[in-house]
Amino acid sequence: MSDNKVLARVEGREITENDVDRLIRSMGPQRAAQFNSPDGKSMLLEEIINQELFYLDAIKKGLDKEEDFLAEVENMKSELLKQYSIRKVLNQVEVNDKEAFNYYKENRNQFRTNEKIHAKHILVEDEQQANQIYWDLKKGLFFEEAAKKYSKCPSSAQGGSLDYFERGQMIPEFEEVAFGLDINEISRPVKTQYGYHIIKIVDKRKPGISDFDEVKSMIANHLIGVKQQQAYTQEANRLRGQFKVTK
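In structure tokens:
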């Protein structure tokens, strides 16, 4: 959707594409995927229209003036204000690069990595086709070109790239061959439950310790969480000294 097109009007109130998109974003990823299509968005539009109708009917009946509703509004305001106040405290917390680097130096063993390889593959269903592709590659066919043309794996769009992975992330038959290849070496077809794979190794990384830049954001997020918990506890203790608490 684009340009925030008006999709419907209910008593003059415009319902736009942004309203539908906002509703989708409020869902979890799995549920949102079910509605992120023309038919799904059409269903959500009808739901938004229904809710607007219930809102107008509630106003017409004076439900917004009922004591139970007003009490519920006050409860919601109270909860929102609590969360807003806490968020104000937590948002003041910051972690700079020096703090993150000091944590990295003091906890280097936490960032040890296993052996990793960067592989590309071509996946086809037929063994005969796999063998033909293998020999075409040996004769000079570019691996990335063959992957885009023949591979049934979604990675074909990236020339067959599977990026870096370590042992235990791929199926055993695939890993056994992949980790035994040298850089730029191409395997003969490997049979798995998915079909026949032709594997090429792009790079290898030995076991070691991740560079600071690779883990900086992860460390920063960890430290922010720790400091936010400390800030929350400190502020709560300060407020206990300011306001009377009885049990």
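Position one of the sequence shown corresponds to residue 9 (our numbering), numbered consecutively onward. Just so you know, even glycine gets a beta-carbon here, dropped at the ideal spot from N, CA and C.
- Residue range 203-213 is occupied by the beta strand (DSSP E) that includes residue 208, with no alpha helix (DSSP H) assigned at that position.
- CA-to-CA, the gap between residue 99 and residue 234 works out to about 13 angstroms.
- For the pair residue 62 and residue 56, the Cα-to-Cα distance works out to about 10 angstroms.
- Where residue 131 is concerned, the enclosing beta strand (DSSP E) starts and stops at 124-132.
- By the C-beta density criterion, residue 92 is exposed, having fewer than 16 other C-beta atoms within 10 angstroms.
- Annotated three-state conformation of residue 227 is helix, per DSSP.
- The residues 94, 97 and 98, in chain order, have a CB closer than 8 angstroms to that of residue 240 in the same chain once the five nearest residues on each side in sequence are set aside.
- For residue 93, the enclosing alpha helix (DSSP H) starts and ends at 75-98.
- Collapsing the DSSP output to three states places residue 169 in a strand.
- In this structure, the CA atom of residue 16 is about 30 angstroms from the CA atom of residue 78.
- In the three-state reduction of the DSSP assignment, residue 120 falls in the strand class.
- Between the segment 120-140 and the segment 170-186 there are three or more C-beta pairs closer than 8 angstroms, enough to call the two in contact.
- Remark: C-beta atoms of residue 128 and residue 188 do not approach each other more closely than 8 angstroms.
- By the neighbour-count criterion, in which 16 or more other beta carbons inside 10 Å mark a residue as buried, residue 170 falls on the buried side.
- Counting only runs that start and end inside the segment 18-53, the beta strand (DSSP E) elements of at least 3 residues fall at 21-24.
- In the three-state DSSP reduction, residue 200 falls in the strand class (E or B).
- The Cβ-Cβ distance between residue 152 and residue 204 does not fall below 8 angstroms.
- In the structure shown, residue 189 adopts coil according to DSSP, grouped into three states.
- In the DSSP assignment, residue 113 falls within the alpha helix (DSSP H) that extends over 105-114.
- Sequence-distant partners of residue 161 (beyond 5 residues in either direction) whose C-beta falls short of 6 angstroms from its own C-beta, in its chain, are 131.
- Pairing residue 21 with residue 12, the inter-Cα distance amounts to about 14 angstroms.
- Restricting attention to 28, 35, 58 and 33, the CA atom closest to the CA of residue 46 is found in 28.
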